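If you're matching them up, the sequences are chains A and B in order.
Per our numbering, residue 1 is the first one in the first sequence, and the count goes up by one each step.
Per our numbering, residue 1 is the first one in the second sequence, and the count goes up by one each step.
Heads up, the beta-carbon is just placed ideally off N, CA and C, and yes, glycines get one too.
Note that this is a predicted model, so its numbers are computed, not measured.
Beneath this line is the structure, given in structure tokens, with notes to follow.
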Amino acid sequence: MVRALDGKTFARMVLSGAHHLTNNAKKIDALNVFPVPDGDTGTNMNLSMTSGADEVKKVEAEAISEVANAFAKGLLMGARGNSGVILSQLFRGFAKSMEKKQTLSSEDLADAFEQGVRTAYKAVMKPVEGTILTVAKDAAEVALTESERTTDIVVLMEHVLKEAKASLIRTPELLPVLKEVGVVDSGGQGLVTIYEGFLAALKGEELPEEEVSESEMDEMVNAQHHKLAQDFMDTSDIKYGYCTEFMVKFDKKKTNKHPFNEETFRNELSEHGDSLLVVADDEIAKVHVHVEYPGYVLTIGQKYGSLINMKIENMREQHTAIVGEKQEKPASTKKAEFAIVTVAMGSGIEELFTSLGATVVIEGGQTMNPSTQDITDAIAKANAKNVLVLPNNKNIVMTAEQAAELAEDNVAVVPTKTIPQGIGAMLAFHPGEDILANKEFMEQAGQQVKSGQVTYAVRDTKIDGITIENGSFMGIADGEIKATDKDKSKTVKALLKEMITDDDEILTILQGEDVSDEEVTSLVNDLEAAYEDIEIEVHNGKQPIYSYILSVE
Amino acid sequence: MSIELNTNDGHVTITNEVIATIAGGAAVECYGIVGMASKSQIKDGLAEMLRKENFSKGIVVRQEEDRLHIDMYIIVSYGTKISVVAHNVQSQVKYTLNQSLGLSIDSVNIYIQGVRVARD
Chain A
1 MVRALDGKTF ARMVLSGAHH LTNNAKKIDA LNVFPVPDGD TGTNMNLSMT
51 SGADEVKKVE AEAISEVANA FAKGLLMGAR GNSGVILSQL FRGFAKSMEK
101 KQTLSSEDLA DAFEQGVRTA YKAVMKPVEG TILTVAKDAA EVALTESERT
151 TDIVVLMEHV LKEAKASLIR TPELLPVLKE VGVVDSGGQG LVTIYEGFLA
201 ALKGEELPEE EVSESEMDEM VNAQHHKLAQ DFMDTSDIKY GYCTEFMVKF
251 DKKKTNKHPF NEETFRNELS EHGDSLLVVA DDEIAKVHVH VEYPGYVLTI
301 GQKYGSLINM KIENMREQHT AIVGEKQEKP ASTKKAEFAI VTVAMGSGIE
351 ELFTSLGATV VIEGGQTMNP STQDITDAIA KANAKNVLVL PNNKNIVMTA
401 EQAAELAEDN VAVVPTKTIP QGIGAMLAFH PGEDILANKE FMEQAGQQVK
451 SGQVTYAVRD TKIDGITIEN GSFMGIADGE IKATDKDKSK TVKALLKEMI
501 TDDDEILTIL QGEDVSDEEV TSLVNDLEAA YEDIEIEVHN GKQPIYSYIL
551 SVE
Chain B
1 MSIELNTNDG HVTITNEVIA TIAGGAAVEC YGIVGMASKS QIKDGLAEML
51 RKENFSKGIV VRQEEDRLHI DMYIIVSYGT KISVVAHNVQ SQVKYTLNQS
101 LGLSIDSVNI YIQGVRVARD
């Protein structure tokens with residue numbers, strides 16, 4: 001039982017993790033299909049990890065904070081590849097969590113894992129789930145819950161490793177490219193390997209050198225096939241038509257005549273095809289190879305013993321069958337971390353919100369406010385642990401607040417009062433932060449946008465000192481009527497004159513359903529001439545009631 | 001400017017905007033990059049974080065004869081190894097453009113316009 005993790009033990013953990021990673025780097029390379037299938041994740045992680053371990057070796061101090069700092073520094077200096085950089089961030093946060101501590105308790109260690117994950121998530125704009133990040137996150141979550149139950153660091157690390165492995169197995173469900181190829185994430189596998197090394201050192205065990213089990217051979221075979229799929233666009237391009245797999249069970253009589261040597265065997269086979277994989281131990285050699293004449297390679301295998309578990313597939317036939325077949329996307333039933341529910345009117349605006357990342361868009365707005373029930377339903381439909389609601393209308397803010405109170409999930413309302421505020425708020429969403437921080441960012445971002453609306457008057461009236469005739473258009477800036485005219489475009493221009501100042505850079509125009517493309521084009525031409533420094537964007541919002549919705553930033 | 005591809009069935013024209021958008025999409029998925037920055041340093045020298053539809057501001061697609069070059073203006077996270085992040089962006093952008101458009105890019109030049117210190 002280990003209650004306090006000191007620097008010396010942590011140093012042994014790092015060295016053991018690095019050593020275990022070195023032994024498995026090739027296997028991890030074979031899994032690498034994301035983000036770029038160049039088969040170097042294992043190598044990169046190994047080089048990064050080795051650099052971290054080298055720094056740890058230089059440390060004399062016994063305080064764990066110093067060892068962890070040295071490790072983080074070494075990782076940063078030696079970071080290679082995407083996975084290497086992520087690894088360096090994980091342990092940068094890890095080291096930061098333990099200022100000047102001599103030893104760590106199980107709670108401290110769990111906290112360090114959690115801090116590492118937080119730091120790592122902060123360094124990416126759009127975290128991709130189903131990668132090393134997810135594996136680290138899931139493992140850290142388990143560390144936190146387990147640390148409340150146990151003070152034994154060995155037990156804690158056992159749970160961390162177990163969850164990391166479970167999370168790794170789930171990666172293909174989160175990242176379609178992995179599922180397609182049938183492999184787990186290579187970076188995640190690297191992290192699991194490091195954690196395996198950690199645990200072994202904690203227990204004082206030695207890990208075996210590279211061993212390839214059956215399932216790993218399958219993963220390698222899958223990865224090989226994937227690499228090939230990248231090269232072949234056309235069935236007729238397949239040079240070696242038969243995917244051949246077999247095992248050779250060594251026969252003493254035969255191996256006495258032809259002593260088995262893995263490298264010689266590999267060379268013999270490689271002359272007949274490509275995508276070759278050979279794994280051998282004292283009794284058996286497993287082979288996977290693509291060849292044109294499978295008989296030849298079988299004969300080579302027979303020199304050493306008898307053949308078992310043979311499988312030969314015609315890849316040209318398979319390829320013809322696969323082409324045109326649609327890839328099914330895995331539907332995830334797991335609750336997402338975050339979801340955004342927003343209210344919009346007009347199919348164009350709805351699309352705009354969806355493209356910005358809104359999970360559910362409720363139809364509604366001026367004159368058509370959704371009910372509390374509508375919003376509650378939308379929150380349930382979003383199926384997430386944290387839900388942010390953007391009402392985009394001052395009359396809906398209250399309803400949204402009510403719905404938030406009724407909801408079981410963690411729901412926060414960002415009180416956006418206009419569509420432009422809602423769009424501005426969407427852009428400030430940061431999945432790495434918690435829900436309250438996001439509410440704050442998004443609220444601030446929403447307030448930085450100036451909103452304008454152009455709509456028609458349904459009766460003669462006088463508001464804000466402006467006389468408006470029935471049927472005229474009126475321009476409203478943040479709730480105040482600023483301009484009116486019989487002509488739509490003239491109203492827009494007069495309104496913008498009030499809204500745009502020298503500090504503004506971007507004008508976004510949402511075209512209403514009653515506005516023709518010609519009208520917009522001519523309006524934009526005029527505006528471009530009038531405001532040279534301003535970037536103008538037009539989206540077809542197809543919204544009713546408002547001919548134009550304008551956003552100035 | 002745009003890229004013209006001739007196939008047996010007709011022409012395909014791909015505008016630089018498309019290339020920039022795909023390049024930007026690939027870049028923001030890279031670890032360590034926290035934003036795209038405008039190529040023109042704005043007024044007070046602040047590198048403004050760009051939003052999705054404004055990628056083109058931080059990405060320049062240049063064609064010189066038959067060669068394609070991309071310049072990207074990015075903001076990276078404090079505490080990452082900048083050279084590696086830049087290299088990752090380069091390889092991912094090249095790979096993604098090759099996958100989605102079949103284009104081979106001669107160079108992807110990265111300009112680090114800012115470093116964002118994450119709040120703790």
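Chain A contact residues for residue i, given Cβ-Cβ distances below 7 angstroms
i: Ile105 (chain B); result: In chain order: nothing, as chain A lies at least about 13 angstroms away.
i: Tyr95 (chain B); result: Val36
i: Val18 (chain B); result: By Cβ distance, chain A contributes nothing, its closest Cβ being about 15 angstroms from Val18 (chain B), past 7 angstroms.
i: Val85 (chain B); result: Val85
Among the options, nearest to residue i - alpha-carbon criterion
i: Lys100 (chain A); options: A:Ser306, A:Leu307, A:Thr134, A:Ile64; result: A:Ile64
i: Gln444 (chain A); options: A:Lys488, A:Ser97, A:Glu553, A:Gly365; result: A:Glu553
i: Val117 (chain B); options: A:Val117, A:Ile169, A:Ala123; result: A:Ala123
i: Asn393 (chain A); options: A:Ala382, A:Val279, A:Pro370; result: A:Pro370
i: Val554 (chain A); options: A:Glu146, A:Gln402, A:Lys542; result: In this structure chain A extends from 1 to 553, so residue 554 (chain A) is not present and cannot be described.
i: Asp152 (chain A); options: A:Ala4, A:Glu535, A:Thr399; result: A:Ala4
i: Ile75 (chain B); options: B:Gln99, B:Cys30, B:Val12; result: B:Cys30
i: Gly52 (chain A); options: A:Pro431, A:Glu60, A:Phe91, A:Lys8; result: A:Phe91
i: Thr80 (chain B); options: B:Ser104, B:Lys94, B:Val34; result: B:Val34
i: Gln302 (chain A); options: A:Ala285, A:Glu292, A:Glu317; result: A:Ala285
i: Val183 (chain A); options: A:Val56, A:Arg170, A:Ala336, A:Val192; result: A:Arg170
i: Tyr73 (chain B); options: B:Arg67, B:Glu65, B:Val61; result: B:Val61
i: Lys26 (chain A); options: A:Leu15, A:Gly39, A:Ser147, A:Gly348; result: A:Gly39
i: Gly348 (chain A); options: A:Asp54, A:Tyr546, A:Leu144, A:His539; result: A:His539
i: Thr372 (chain A); options: A:Ile194, A:Ala400, A:Asn386; result: A:Ala400
i: Leu507 (chain A); options: A:Lys239, A:Glu107, A:Gln448; result: A:Gln448
i: Val492 (chain A); options: A:Asn256, A:Gln511, A:Val287; result: A:Gln511
i: Asp251 (chain A); options: A:Ser275, A:Val278, A:Lys73, A:Asp282; result: A:Asp282
i: Asn16 (chain B); options: B:Lys94, B:Ser2, B:Ile22; result: B:Ser2
i: Thr134 (chain A); options: A:Ala166, A:Lys58, A:Thr22, A:Glu148; result: A:Ala166
i: Arg499 (chain A); options: A:Ala70, A:Ile132, A:Ser551; result: A quick correction: the sequence has Met, not Arg, at residue 499 (chain A). For the residues A:Ala70, A:Ile132, A:Ser551, the minimum Cα distance to Met499 (chain A) belongs to A:Ser551.
Beta-carbon neighbours of residue i, restricted to chain B and to distances below 9 angstroms
i: Val124 (chain A); result: Val28, Glu29, Cys30, Tyr31, Gly32, Ile33, Val34, Ser77
i: Gln89 (chain A); result: Tyr31, Gly32, Ser77, Gly79, Thr80
i: Leu495 (chain A); result: Within chain B, no residue comes near Leu495 (chain A); the closest Cβ sits about 23 angstroms away, beyond 9 angstroms.
i: Leu76 (chain A); result: Gly79, Thr80, Lys81
Opposing strand residues paired with residue i [DSSP bridges]
i: Ala339 (chain A); result: A:Val387
i: Arg67 (chain B); result: B:Glu64
i: Cys243 (chain A); result: A:His290, A:Glu313
i: Leu277 (chain A); result: A:His288
i: Leu307 (chain A); result: A:Val248
i: Gly475 (chain A); result: A:Val454, A:Ala483
i: Ser77 (chain B); result: B:Arg116
i: His19 (chain A); result: Per DSSP, none; premise fails for His19 (chain A).
Within 8 angstroms, strictly: CB atoms of residue i and residue j
i: Glu196 (chain A); j: Leu207 (chain A); result: yes
i: Phe429 (chain A); j: Ile340 (chain A); result: yes
i: Gly116 (chain A); j: Gly93 (chain A); result: yes
i: Val515 (chain A); j: Tyr548 (chain A); result: yes
i: Asp409 (chain A); j: Ala425 (chain A); result: no
i: Gln543 (chain A); j: Met345 (chain A); result: yes
i: Ile435 (chain A); j: Ile463 (chain A); result: no
i: Ser451 (chain A); j: Asp478 (chain A); result: yes
i: Asp460 (chain A); j: Ile468 (chain A); result: yes
i: His272 (chain A); j: Cys243 (chain A); result: no
i: Leu175 (chain A); j: Phe34 (chain A); result: yes
i: Leu87 (chain A); j: Met45 (chain A); result: yes
i: Gly305 (chain A); j: Lys254 (chain A); result: yes
i: Asn109 (chain B); j: Asp71 (chain B); result: yes
i: Ala143 (chain A); j: Ala110 (chain A); result: yes
i: Glu66 (chain A); j: Lys8 (chain A); result: no
Residue i: contacting residues in chain A (beta-carbon distance under 9 angstroms)
i: Gln92 (chain B); result: Pro35, Val36, Asn82
i: Ile88 (chain B); result: Note that residue 88 (chain B) corresponds to Asn in the displayed sequence, not to Ile. Correct list: Pro35, Val36, Gly81, Asn82, Val85.
Neighbouring residues, chain B, relative to residue i (Cβ below 8 angstroms)
i: Val449 (chain A); result: Residues of chain B passing the Cβ test: none, with the nearest at roughly 12 angstroms.
i: Ala79 (chain A); result: Thr80, Lys81, Val84
Proximal chain A residues relative to residue i, where beta-carbon distance stays under 8 angstroms
i: Asn8 (chain B); result: In chain order: nothing, as chain A lies at least about 14 angstroms away.
Per-residue contacts from residue i into chain B (C-beta, under 7 angstroms)
i: Arg92 (chain A); result: Gly79
Task: chain B contacts from the region 368-401 of chain A (Cβ-Cβ distance under 7 angstroms) - done: Residues of the region 368-401 of chain A with a C-beta less than 7 angstroms from any C-beta of chain B: none at all.
Task: Contacting positions in the region 122-147 of chain A - beta carbon closer than 7 angstroms to chain B - done: Within the region 122-147 of chain A, the qualifying residues are Lys122, Ala123, Val124, Met125, Lys126, Val128.
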